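*Asks:* Structure incoming, see below.
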Amino acid sequence: MKWGTRKTSVILFSALVVLASVLSGCSNSASQAQTGTEGQADTTSSTKPANKGESVVYHLGETVNPEQVTNFNPFLATGNWAPFFDYVFDPLYYFNPVKGELVPRLAEGEGTWSADNKTYTVKLNMKAKWQDGTAFSIDDVLYSFNTLKDYKVLDRYQLWGDGRLQEVTAQGSDTVVFKLSNTFPSLPFYLSTVYIVPKHQYEKEDPSQFLNKQPIGTGPFQFKSINESAIVLDKNADYYLGSPNIDQLFVDRFNNSSTLTLALEKGDVQGSTGTVAMPSVPKLLENPVNKLQVYPGLNTFSVIMNNEKPGLNDTAVRRAIQIAIDRKSLIEKGESNGVFPANPGFLSSVFSDMADSGLINNPSYAYNVNEANKLLESAGYTKNGKGIYEKDGKPLSFTYHMAANAPAQNKEGAMITEWLKSIGVETTVKLVTWPELTKLLMSGDYELLQNGIQTPPDPQAQLEIFHSKMTAPTGENTPGLNYMRFRDSEVDQWLDEASSADAGKRKELYGKIQSRISEQAPVAVMYNVGGHIPYRVDQFTDYNEDLPVTSALSLMQIKKK
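Add 1017 to a position in the sequence shown, counting from 1, and you land on the number used in our numbering.
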């Protein structure tokens, strides 16, 4: 592959993107736009051009609740609002989901593979420096990666797993060497998941517990303050890739997507990383100053099932739940065609020919109430007096967790629980915050849970969430993203083989894995979410639409009109 040109199937989706850009919306993504509980930010912004010497402030509206600002440590999976890290910290490479390619950040360019493909060497951009004035060094990179080795609970994507990283060492003062114990062609894309932290700050702390209340990064924006109304970031005038054109980035905090969307309509905020109220999208887009950027991505919303729980440990029950969900209606009525069809085999169509697109329209996994009933009856379930299927006196009755104050998700959850009722599966809905959903997933203290699962930008990483090494028994936090507690020895074997295989063999193995996931239904997929980013063009110009327009690399380029 050519560096920076690893294309995904964005072009294949162009027709759907055009439609979605006319009438589209956002489900409150657990990774990008989470619903909060604090009061609406009191913000104002002038429509007049900035006067000479006047600070230029960009207002980004987000739903950020108190539980998402308890720490600013990028090693930790909970307690933070994830987009914050893109603005303040840098990885070696940034994965650009719009183009499906890697963009160098702290790396100076493309790394080089050794002849045996077991060593990857990356030259660093030594113009970088920490926002407290401390010089950036190769020791910071070594510390960041070795911390994942020393604290396995932080290694969510198993970079130090079997057959992967063996050691990370320095070659001189500006080059880092990643030595593998086996071939692992996905490594460059996995490197994009690790934010580099300052050793001089972190070595004094336990990085698995450190809350990092005064974050120091190398990124284009630096942390200034936080209150109930906003997170305030100043531009990093010494940013090694160029100083941002705006002076401050205000992340204005709202209590729900409706009030945020109203602020967008009024021009009080200029954009969001993905939050918008679905019913308001048509009205929002009637005004030509409002735009919506849409692209497929790495987040698959699903009804996630705990495969260890009674009833849900039965493949027939999971399969029945899978085909009881009318995905077409969810996309049309719940998401206004602003998202993409999900693969029952889970691998996103972003990965082009590696994904088995035939599974999306396979009638075996399509909405079919009659077939769902047949599956349950064939497995020995009979309906009780309440019309609920049961077996050995135990009814198919589950608690159904979903996000509170998330209008799109709540609407879709109501649709799904009604469909489940129609096949004799009873649910009790429980609303909790987005961070609480993540904690429930990690601990396994749930039965059915509606949420998205965001993965690193590689097909191996996306399918590897079903590897048994990524899970733990219910009651213990998972070391990876296998929140389903799904275990299958053949899936494990195929994933292990694919990890070091050539492209042709990987495709064959990924096909087998996708078929098995579709058949076993550890999750019931809803739809795939990439970007659906609302933004205004009346006050600012020069958004880079080849990137997510409210990403750090785009916002550092924008200018006040």
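We treat Cβ as the ideally placed atom computed from N, Cα and C, and that holds for glycine. Here the structure is a predicted model, which is why all the values come from computation and not from measurement.
(1) Which residue wins for smallest C-alpha separation from residue 1236, given the options 1337, 1105 and 1189?
(2) Could you check whether the Cβ of residue 1436 sits closer than 8 angstroms to any Cβ belonging to chain B?
(3) Quick check on residue 1573: does DSSP put it in helix, strand or coil?
(4) Which stretch, first to last residue, makes up the alpha helix (DSSP H) that contains residue 1434?
(5) Could you tell me if residue 1229 is buried or exposed, where buried requires 16 or more neighbouring beta carbons within 10 angstroms of its beta carbon?
(6) Which parts of the stretch 1173–1209 are runs of the alpha helix (DSSP H), unbroken and 4 residues or longer, counting only runs that do not cross its ends?
(7) Kindly list the residues whose CB is nearer than 7 angstroms to the CB of residue 1428, restricted to its own chain and excluding five residues on each side of it in sequence; keep chain order.
(8) Taking residue 1552 as part of the alpha helix (DSSP H), name the residues at either end of that continuous run.
(9) Which value, in whole angstroms, describes the spacing of the CA atoms of residue 1528 and residue 1290?
(10) Report the start-end ranges of each beta strand (DSSP E) in the stretch 1105–1173 that is 3 residues or longer and not cut off at the edges.
(11) Tell me whether the beta-carbon of residue 1569 lies closer than 8 angstroms to the beta-carbon of residue 1269.
(12) Cα separation between residue 1535 and residue 1377?
(13) According to the neighbour-count rule (16 or more other Cβ atoms, all chains shown, within 10 Å of its Cβ), is residue 1571 buried or exposed?
(14) Looking at residue 1629: is its Cβ nearer than 8 angstroms to the Cβ of residue 1399?
(15) Should residue 1558 go down as buried or exposed, given a rule of 16 or more other Cβ atoms within 10 Å for buried?
(16) Check whether the stretch 1476–1484 touches the stretch 1497–1513, taking contact to mean three or more Cβ pairs, one atom from each stretch, closer than 8 angstroms.
(17) In chain order, what residues of the same chain have a beta carbon less than 7 angstroms from the beta carbon of residue 1564, not counting five sequence neighbours either side?
(18) With a floor of 4 residues, list each alpha helix (DSSP H) that falls wholly inside the stretch 1229–1298, ordered by position along the chain.
(19) How about residue 1206 and residue 1474: do their beta carbons lie closer than 8 angstroms?
(20) Quick one: Cα of residue 1255 to Cα of residue 1086, how far?
(21) Three or more C-beta pairs under 8 angstroms: does that hold for the stretch 1271–1279 against the stretch 1508–1525?
(22) Considering only their Cβ atoms, is the gap separating residue 1364 from residue 1202 smaller than 8 angstroms?
(23) Going by beta-carbon coordinates alone, are residue 1540 and residue 1321 separated by less than 8 angstroms?
(24) Starting from residue 1510 and walking both ways along the alpha helix (DSSP H), at which residues does that stretch end?
(25) Please state whether DSSP places residue 1556 in a helix, a strand or coil.
(26) Just curious, the alpha helix (DSSP H) that residue 1480 is in, first and last residue?
(27) Of the choices 1503, 1472, 1219 and 1492, whose alpha-carbon is the least far from that of residue 1486?
(28) Roughly how many angstroms separate the alpha carbons of residue 1178 and residue 1134, rounded to a whole number?
(29) Check whether the stretch 1356–1363 touches the stretch 1434–1442, taking contact to mean three or more Cβ pairs, one atom from each stretch, closer than 8 angstroms.
(30) So, for residue 1644: in the same chain, excluding its five sequence neighbours on each side, which residues have a beta-carbon less than 6 angstroms away from its beta-carbon?
(31) Taking all protein chains shown into account, decide if residue 1506 is buried (16 or more other Cβ within 10 angstroms of its Cβ) or exposed.
(32) Rounding to the nearest angstrom, what Cα-Cα distance links residue 1284 and residue 1311 in this structure?
(33) Can you list, in chain order, the residues of its chain whose CB lies under 6 angstroms from that of residue 1166, leaving out five sequence neighbours each side?
(34) Grab me the residues of residue 1125's own chain with a C-beta within less than 7 angstroms of its C-beta, minus the 5 sequence neighbours each way, in chain order.
(35) So for residue 1407, helix, strand or coil by DSSP?
(36) Confirm, please, whether the CB-CB distance from residue 1316 to residue 1471 is below 8 angstroms.
*Replies:* Let me lay it out:
(1) It is 1105.
(2) Absent from the structure: chain B. Only one protein chain is present.
(3) Residue 1573: coil per DSSP, three-state reduction.
(4) Note, residue 1434: alpha helix (DSSP H), 1424–1439.
(5) When all chains shown are included, residue 1229 counts as buried.
(6) Runs of the alpha helix (DSSP H) lying entirely within the stretch 1173–1209, each at least 4 residues long, are 1204–1208 in chain order.
(7) Cβ-Cβ distances below 7 angstroms link residue 1428 to 1351 in the same chain, with the five nearest sequence neighbours on each side left out; the list follows chain order.
(8) Counting along the chain, residue 1552 sits inside no alpha helix (DSSP H); it lies in the beta strand (DSSP E) bounded by residues 1540–1553.
(9) C-alpha separation (whole angstroms): 33 angstroms.
(10) For the stretch 1105–1173, the continuous beta strand (DSSP E) assignments of 3+ residues that do not extend past its boundaries occur at 1110–1113, 1118–1121 and 1136–1140, in sequence order.
(11) No; because the gap between Cβ atoms is not below 8 angstroms, this pair is not in contact.
(12) Roughly 10 angstroms separates the two Cα atoms.
(13) By the neighbour-count rule (16 or more Cβ atoms within 10 Å), residue 1571 is buried.
(14) Outside the shown range of the chain, which is 1018 to 1578, sits residue 1629, and nothing can be said about it.
(15) With fewer than 16 other Cβ atoms within 10 Å, it is exposed.
(16) Yes, they touch.
(17) Its chain contains 1113, 1115, 1570 and 1571 as the residues whose beta carbon lies nearer than 7 angstroms to that of residue 1564, once the 5 sequence neighbours on both sides are disregarded; these appear in chain order.
(18) Scanning the stretch 1229–1298 for uninterrupted alpha helix (DSSP H) segments of 4 residues or longer gives 1274–1283, listed from N- to C-terminal end.
(19) Yes, they are a contact pair.
(20) So the two alpha carbons sit approximately 26 angstroms from each other.
(21) Contact between the stretch 1271–1279 and the stretch 1508–1525 is absent, with fewer than three C-beta pairs closer than 8 angstroms.
(22) No, they are not a contact pair.
(23) Taking 8 angstroms as the Cβ cut-off, residue 1540 and residue 1321 qualify as a contacting pair.
(24) Note, residue 1510: alpha helix (DSSP H), 1506–1516.
(25) Residue state, collapsed to three classes: coil.
(26) That run of the alpha helix (DSSP H) goes 1476–1480.
(27) Per the Cα distances, 1503.
(28) Put simply, the backbone Cα of residue 1178 is about 17 angstroms away from that of residue 1134.
(29) Short answer: they don't touch.
(30) Here the chain has residues from 1018 to 1578 only, and residue 1644 is not among them.
(31) Exposed: under 16 other Cβ atoms inside 10 Å.
(32) So the alpha carbons of these two residues sit roughly 21 angstroms apart.
(33) Hits under 6 angstroms: 1177.
(34) Within the same chain, residue 1125 has close Cβ partners 1140, 1141 and 1142.
(35) If DSSP states are grouped into helix, strand and coil, residue 1407 belongs with the strands.
(36) Yes; because the gap between Cβ atoms is below 8 angstroms, this pair is in contact.
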